[in-house]
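These protein sequence lines are chains A and B, in that order.
With my numbering applied, the first sequence corresponds to residues 3 to 135, in that order.
With my numbering applied, the second sequence corresponds to residues 3 to 135, in that order.
Even glycine gets a Cβ: it sits at the ideal position worked out from N, Cα and C.
There are 2 protein chains.
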Amino acid sequence: MISEKPYVLNRWYEYMDKHDFTILDELLAEEVVFHSPVVHTPQRGKKITKIYLMAAEKVLGAGDFVYTKEITSNQQIMLEFTTVIDGVTINGVDIVTYNDNNQITEFKVMVRPLQGMQKLHQQMMEMLENFKK
Amino acid sequence: MISEKPYVLNRWYEYMDKHDFTILDELLAEEVVFHSPVVHTPQRGKKITKIYLMAAEKVLGAGDFVYTKEITSNQQIMLEFTTVIDGVTINGVDIVTYNDNNQITEFKVMVRPLQGMQKLHQQMMEMLENFKK
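Next up, the structure:
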């Protein structure tokens, strides 16, 4: 069965392709919750979620980033990705839930292996410092 | 759209529910590849994959383990789970690919947050030692 991709997914790919952060303003619901791969505590709201996603895009999206798998059903999307940063492979997933208005209400990221998580953590801390300046 | 669950998924839930390891013999393809959340190098083949899955089930499946999300399409399954071990929350995903014979060809696990991965790593090392005895 080949089904059409959800609108949210097409727009997400467009965002990743064009690095156009204004697409996030359209895609994120006001009440969106972001779950980091590293930290337990969720980040709540559109403003902080946008900052985390922009920082993640800057860190992960450079170089060899590629999505390798997509699974979609019932307004839920799982995208698997791989990239290499400083010679360290990072393999991860974006797990996205969206609402009837095609706005993302939950965005969760997990990564493997341990070495990849440590590398991502270090780079994200530095990038978030830059965004807060 | 409510669609019927894939056969593989129903059998997987049965395995997790009954702790019946013989179901793994049926569900795993000979050439199955297992990807650990912690280590980069894949584990290849039915024998070693079964050992890892049994150890993971023993470690994660005890206590508060619950699947919280399932996304399925095109012979791919993503299951999200949560459990608590020694007071540490482990949130993770199983990413499963199966073939036309309803046998699993790839099984990948990712977990978050960092503290959860560290706890899982430590417990898995101990459990795998027991299995190898």
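Backbone secondary structure at residue i - three-state DSSP
i               : result
D19 of chain B  : helix
D96 of chain A  : strand
V111 of chain B : strand
K48 of chain A  : helix
V90 of chain A  : strand
K121 of chain A : helix
M3 of chain A   : Low per-residue confidence applies at M3 of chain A: pLDDT is 47, beneath 50, and the placement is therefore not dependable, though the value from the model is reported in the following sentence. Three-state DSSP puts M3 of chain A in coil, outside helix and strand.
T43 of chain B  : coil
F83 of chain A  : strand
A57 of chain A  : helix
F133 of chain B : helix
Contact with chain A by residue i, beta-carbon distance below 8 Å
i               : result
L122 of chain B : no
Q117 of chain B : yes
M126 of chain B : no
I50 of chain B  : no
I106 of chain B : no
R46 of chain B  : no
P39 of chain B  : yes
I87 of chain B  : no
T24 of chain B  : no
R13 of chain B  : no
G65 of chain B  : no
T84 of chain B  : no
M80 of chain B  : yes
V10 of chain B  : no
M129 of chain B : no
Check whether residue i and residue j have beta carbons under 8 Å apart
i               : j               : result
F83 of chain A  : Y69 of chain A  : yes
I92 of chain B  : K121 of chain B : yes
V113 of chain A : M112 of chain B : yes
T85 of chain B  : F67 of chain B  : yes
N103 of chain B : Y9 of chain B   : no
V95 of chain A  : V95 of chain B  : yes
L116 of chain A : H21 of chain B  : no
Same chain, Cβ closer than 6 Å to residue i, neighbours up to 5 away in sequence not counted
i               : result
V61 of chain B  : Q125, M126 and M129
L11 of chain B  : I79
K48 of chain A  : L30, E32 and V34
F109 of chain B : F36 and V98
Q77 of chain A  : Y100
D14 of chain B  : Reading the sequence as shown, one finds Trp at residue 14 of chain B and not Asp. Closer than 6 Å at Cβ, skipping near neighbours: no residue.
E59 of chain B  : none
Min CB distance residue i to chain B below 8 Å
i               : result
L70 of chain A  : Per the sequence shown, residue 70 of chain A should be read as Thr rather than Leu. For T70 of chain A, the answer is no, since every Cβ of chain B falls outside 8 Å of its Cβ.
E32 of chain A  : no
E16 of chain A  : no
V113 of chain A : yes
V95 of chain A  : yes
H21 of chain A  : no
Spatial neighbours of residue i in its chain, beta-carbon cut-off 7 Å, leaving aside the 5 residues before and after
i               : result
I73 of chain B  : M80
M119 of chain A : P39, V40 and V113
R46 of chain B  : V35
D88 of chain B  : K121
F23 of chain B  : M56
Contacting residues, own chain, Cβ-Cβ under 8 Å from residue i (five flanking each side not counted)
i               : result
T107 of chain B : A31, E33, V34, V35, T99, Y100 and N101
L26 of chain B  : Y17, K52, L55 and M56
M3 of chain B   : With a pLDDT of 47 at M3 of chain B, under the threshold of 50, the predicted position of this residue should be treated as unreliable, though the coordinate-derived value follows. Result list for M3 of chain B: empty, nothing under 8 Å.
F133 of chain B : I53, M56 and A57
K71 of chain A  : M80, L81 and E82
I50 of chain B  : F36
G65 of chain A  : T85, V86 and I87
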